[in-house]
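*Asks:* Each number in my numbering comes from the position in the sequence shown (counting from 1) with 29 added on.
Using N, Cα and C, we set each Cβ at its ideal position, and we do this for glycine too.
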Amino acid sequence: MGALKQAVTRLKMLLIRVPLLLKTLILHGIHMSPVSGKQDLRTELLTVLIRSFVTGEDTILKTQKGSMRDPGIQGPMWISKVTLPQPEFDVRDAVLRAIEELGNGQETFHLPAIAAVEGEWTGWRSGVGKKAPQPDISEEEKYHNLRKEVTSDMTILYFHGGAYFLMDPCTHRIPLAHISRQTGAPVFSVRYRLAPQNPFPAALVDALTAYFSLIHPPEGSLHEPVPANKIVLAGDSAGGNLSFVLLQTLLTLRRVSRSVRFHGKDIDIELPGGVVGISPWCDVTLSMPSIVKNRQFDYMDIRPGRVDEPDFSIPFKSHPFPSDAAWPVSPPRVDLFCNANAMSHPLVSPIAAKSELWKDSPPVFISVGEECLTDEGLILARRIHQAGTSVAAQMFEGMPHCHGILMISTPTGKKFWDGIFGFCRDVDQGQVTRSGNLRHHGFKLRSEREIPLEKACDVGDEEVEERLRKHTGWRLDTEIEMQREWRERSRL
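(1) Strictly by DSSP, which residues pair up with Trp153?
(2) Would you please state the rounded distance, in angstroms, between the beta carbons of Gly471 and Ser396? I believe it to be under 8 Å.
(3) Quick one: what's got a C-beta closer than 7 Å to Asn323's C-beta in the same chain, skipping five residues either side?
(4) What did DSSP end up calling Lys177 once you bin it into helix, strand or coil?
(5) Checking the sheet assignment: what are the DSSP bridge partners for Glu479?
(6) Does the Cβ of His189 have 16 or more other Cβ atoms within 10 Å, making it buried, or fewer, making it exposed?
(7) Measure the beta-carbon distance from Gly156 to Leu175 and round it to whole angstroms, keeping in mind my assumption that it falls under 8 Å.
(8) Which residue or residues does DSSP assign as beta-bridge partners of Pro162?
(9) Identify which residue in Asn258, Tyr240 and Ser286 has its Cα closest to the Cα of Val274.
(10) Cα separation between Ser286 and Leu300?
(11) If the criterion is Cβ atoms closer than 8 Å, does the pair Leu12 and Thr441 meet it?
(12) Between the Cα of Asp340 and the Cα atoms of Thr507, Gly417 and Gly293, which residue gives the shortest distance?
(13) Determine, using beta carbons only, whether Leu74 and Thr53 come nearer to each other than 8 Å.
(14) Can you name the start and end residues of the beta strand (DSSP E) that Arg220 belongs to?
(15) Does the count of Cβ pairs from the region 218-235 and the region 139-150 closer than 8 Å reach three?
(16) Across the region 454-467 and the region 476-490, are there enough close Cβ pairs to call them in contact, namely three or more that are closer than 8 Å?
(17) Is the distance from the Cβ of Glu130 to the Cβ of Arg290 below 8 Å?
(18) What residue from Leu521, Arg210, Ala161 and Lys159 has the CA that sits closest to Cys537's CA?
(19) Take every Cβ of the region 245-253, pair it with every Cβ of the region 95-102, and state whether three or more of those distances are shorter than 8 Å.
(20) Which residue marks the beginning of the alpha helix (DSSP H) containing Leu240, and which one marks its end?
(21) Three Cβ pairs or more, each shorter than 8 Å: is that satisfied between the region 343-359 and the region 108-123?
(22) How about Ala161 and Ala267: are their beta carbons less than 8 Å apart?
(23) Since I believe His500 is in contact with Thr314 (beta carbons under 8 Å), could you give me their beta-carbon distance rounded to a whole number of angstroms?
(24) Distance check for Ala355 and Asp87, CA to CA, integer angstroms please.
(25) Do you know offhand how far Thr92's Cα is from Gln460's?
(26) List the endpoints of the continuous alpha helix (DSSP H) containing Gly264.
(27) Where Ser476 and Ala206 are concerned, what is the direct C-alpha to C-alpha distance, given to the nearest angstrom?
(28) Leu49 to Ser81, Cα distance in whole Å?
(29) Going by beta-carbon coordinates alone, are Ala236 and Leu280 separated by less than 8 Å?
(30) Please classify Gly158 as buried or exposed, where buried requires at least 16 other C-beta atoms within 10 Å of its C-beta.
(31) List in chain order: all unbroken alpha helix (DSSP H) runs of 4+ residues lying wholly within the region 350-420.
(32) How is the beta strand (DSSP E) around Leu474 delimited, first residue to last?
(33) Under a Cβ-count criterion, where at least 16 other Cβ atoms within 10 Å of its own Cβ denotes burial, should Met30 be classed as buried or exposed?
(34) Can you have a look at Val393 and say buried or exposed, based on whether 16 or more other CB atoms are within 10 angstroms of its CB?
(35) May I have the straight-line CA-CA distance separating Thr200 from Gly451, to the nearest angstrom?
(36) What is the DSSP secondary structure of Gly191, reduced to helix, strand or coil?
Have a look at this one:
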């Protein structure tokens, strides 16, 4: 009955959107669509449909629950669910050390508990159909079956997207199985803690725990030790953010401490072999021009204050979600993920990290569409390139956020994945060549050109700093006033 009820609910939700889809179809057909010449019909319909669901009308808890619905496990994939044991407080203290080293001393944040970390090993399962169920065997047996189909000694450590408060490893199984099939590598997808219940830096502590656990497996782990240079960090959207802030944490720790205590042993801070960011969310202040400029091609309504041009003289409009047990929090804050005074910290918004902080970084690959987050992805690519690191980037004209994950089998989706798979194979073989260009793919892949990263985004470093400062200050002023009012109410 539960499955039937869900199916009826989904059908109703689609039926009420039929007029919107018909309007889109007609405007596209007569070439009067605002995205004409940059999106084909399939892409525009998908973008419009997803946008219609991004309303903020439900509570945080209901929205989270809907985004984390487990679709089950079937078809050509192996999934082995594991729990990495809770480490010592040293892992959290290492993150706090990096926060302090990179900050200005004014940031505040919630001290996260140290916790075990759940995750899923994902691998390709050959010789079965799309509806084949997972066999009724133990998680350990599933893992060993997964390993039998692995052809690479590389491991991909993956962080799912979802703006740090949505989604789960279960929502990303299909693209991760695709990654495993094409690279021959197992993928470990982390169930990091979500905001607002677990704000910054809880997710980063979980990410660091997972990374150390791959290299130095705790007792009882299913996997053997993975050399650091055989690990590729990867993630989409907020998961891309987490990949880069984890990298920045490692780079910072190597400068200030070199080692950390992990499950009873002092371990060296080692860097991964490479990092992949898929439409990475690199600016939590949402202050770069593409947030507004590219919104017609995207499904995310993430304009600052929900207006075209922010008026910094009026209070920042916080998230519109109705109240529930998770949001708003006490004391109040304007952002689900972090306190306002931390929004421009390099471990929150990685574009705030100056170029020199990326020195000695492993090779990086960044992929973006013509989306709201385009500028910040290209700015981060430029800054890492300026540090002397090999950075390859690709951009797809007219494509929305994380388009390659949504449309795997389209020609553009295949081109998207080809770039990522090629980079991963080069990392695996230690053959990444020096690069510092953006590969721009035109509409329907009709054109392709190389652009130096220095010229890929016209938002200069000084403008980046000014935008981060103004948008952080705007939110901070509002948050201070919210907390003042909250304290006054608390005294009554």
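*Replies:* With the given structure in hand:
(1) Met106
(2) Actually they do not touch by this definition, with Cβ atoms about 15 Å apart.
(3) Glu399, Glu400, Cys401 and Thr403
(4) helix
(5) Arg468
(6) buried
(7) In fact, because the Cβ distance is near 14 Å, the residues do not count as touching under 8 Å.
(8) Gln103
(9) Tyr240
(10) 14 Å
(11) The structure shown does not extend to residue 12, since the chain is modelled only from 30 through 521, so no value can be given for it.
(12) Thr507
(13) yes
(14) Val216 to Arg220
(15) yes
(16) yes
(17) no
(18) In the structure as shown, the chain begins at 30 and stops at 521. Residue 537 is therefore absent and cannot be evaluated.
(19) no
(20) It should be noted that the sequence gives Tyr, not Leu, for residue 240. Note, Tyr240: alpha helix (DSSP H), Ala231 to Ile244.
(21) no
(22) no
(23) 4 Å
(24) 12 Å
(25) 43 Å
(26) Counting along the chain, Gly264 falls outside any alpha helix (DSSP H), though it belongs to the beta strand (DSSP E) covering Ile260 to Asp265.
(27) 30 Å
(28) 9 Å
(29) no
(30) exposed
(31) 403-415
(32) Taken as a continuous stretch (DSSP letters only), Leu474 belongs to no beta strand (DSSP E), as it is neither H nor E.
(33) For Met30, the pLDDT reaches just 49, beneath the cut-off of 50, and the residue's location in the model is therefore unreliable, although a value from the coordinates is still provided. Per the 10 Å Cβ criterion, exposed.
(34) buried
(35) 24 Å
(36) coil
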